[in-house]
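Asker: Going by this note's numbering, the first residue of the sequence shown is number 1, and it counts up by one from there.
Backbone N, C-alpha and C define an ideal beta-carbon position, used for all residues, glycine too.
No experiment lies behind these values; they were computed from the predicted model shown.
Quick one: the structure is below, and I'll ask about it shortly.
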Amino acid sequence: MKILIADDHAILRKGLKEILLEEYPSALIEEVADSDSLFKKAISA
Numbered sequence: 001m002k003i004l005i006a007d008d009h010a011i012l013r014k015g016l017k018e019i020l021l022e023e024y025p026s027a028l029i030e031e032v033a034d035s036d037s038l039f040k041k042a043i044s045a
């Protein structure tokens, strides 16, 4: 499973990532902080 977290607050991204990893330990979770990075990651997926 691949999950892409997009938010401009690093603490929120890290917290959400930890929660998701507890439930889905084998998930590939990536983070982005802005819309440009979001579009680049989403297109390359």
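Given a cut-off of 8 Å on the beta-carbon distance, is the pair Ile43 and Ile5 in contact?
Answerer: Against a cut-off of 8 Å, the Cβ pair of Ile5 and Ile43 comes out as no contact.
Asker: Taking just the CA atoms, how far does Ser37 sit from Pro25?
Answerer: Approximately 24 Å, taken between the alpha carbons.
Asker: Taking Cβ to Cβ, would you say Ala27 is nearer than 8 Å to Ile3?
Answerer: Cβ distance < 8 Å, so Ala27 and Ile3 count as in contact.
Asker: Any idea what DSSP makes of Ala6, helix, strand or coil?
Answerer: DSSP places Ala6 in strand when its eight states are reduced to three.
Asker: Can you give me the C-alpha to C-alpha distance between Leu20 and Lys40, rounded to a whole angstrom?
Answerer: Cα to Cα, the separation comes out at about 22 Å.
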